[in-house]
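Undergrad: I have a structure here, written as structure tokens, and I will follow up with some questions on it.
Residue numbers (the working numbering): 7 to 159.
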């Protein structure tokens, strides 16, 4: 039996408030529950070191199906981003979003104004020799990569 759709994606951030502003105001996502992450049962379930605490906020997109959970860990678990992250490293690479073609430029500009880093303007890309899309990449303030893809109508 197949499992359901993705419930949420958890993204670790260095500054929760800054990241909530970036995703909420930049993507137009709605801010949901904010949680304090503490307690031995939660630490055991998530395999966290003893004494780890944190905070998180859930953000929901227009479809109301999948959410983004932004997590800010506090000591002793918090640690800086390493050189092992990126497209060649195992694990999370990017979040990809479908956007209307006529909104992709404005979205990129808005995200840059909120502290994102753009890799250039949206550009047409031929995928697999057959599918043509327009796409751009933006890093959030913590360096997490976001991809925006506009497909032909």
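Note that beta-carbon positions come from the ideal geometry of N, C-alpha and C, so glycine has one too.
Looking at the secondary structure, which residues open and close the alpha helix (DSSP H) in which residue 163 lies?
TA: Nothing in the structure corresponds to residue 163, since the chain is present only between 7 and 159.
Undergrad: Please determine, among 106, 125, 131, the residue with the shortest C-alpha to C-alpha distance to residue 33.
TA: The residue labelled residue 33 in the question sits at position 27 within the chain shown. When only C-alpha atoms are compared, the closest one is 106.
Undergrad: So if DSSP puts residue 130 in a beta bridge, which residue, or which two residues, is it bridged to?
TA: The residue given as residue 130 occupies position 124 in the chain shown. The partner list for residue 130 (beta bridge, DSSP) reads 140.
Undergrad: How would you write the range of the beta strand (DSSP E) that residue 56 sits in, first residue to last?
TA: Your numbering for residue 56 matches position 50 in the chain shown. Careful: residue 56 lies outside any beta strand (DSSP E) and carries neither H nor E.
Undergrad: For residue 65 and residue 137, what's the separation of their Cα atoms in angstroms?
TA: Mapped onto the chain shown, residue 65 falls at position 59. Mapped onto the chain shown, residue 137 falls at position 131. Each residue's alpha carbon lies about 31 Å from the other.
Undergrad: Count Cβ pairs between the region 49-64 and the region 101-121 that sit closer than 8 Å; are there 3 or more?
TA: Short answer: they don't touch.
Undergrad: So does the region 66-73 actually touch the region 118-135, counting three or more Cβ pairs closer than 8 Å?
TA: no
Undergrad: Taking C-beta to C-beta, are residue 5 and residue 18 nearer than 9 Å?
TA: With the chain represented from 7 up to 159, any question about residue 5 goes unanswered, as that position is not in the structure.
Undergrad: According to DSSP, is residue 120 part of a helix, a strand, or is it coil?
TA: The residue you call residue 120 lines up with position 114 of the chain shown. Of the three classes helix, strand and coil, the one that applies to residue 120 here is coil, per DSSP.
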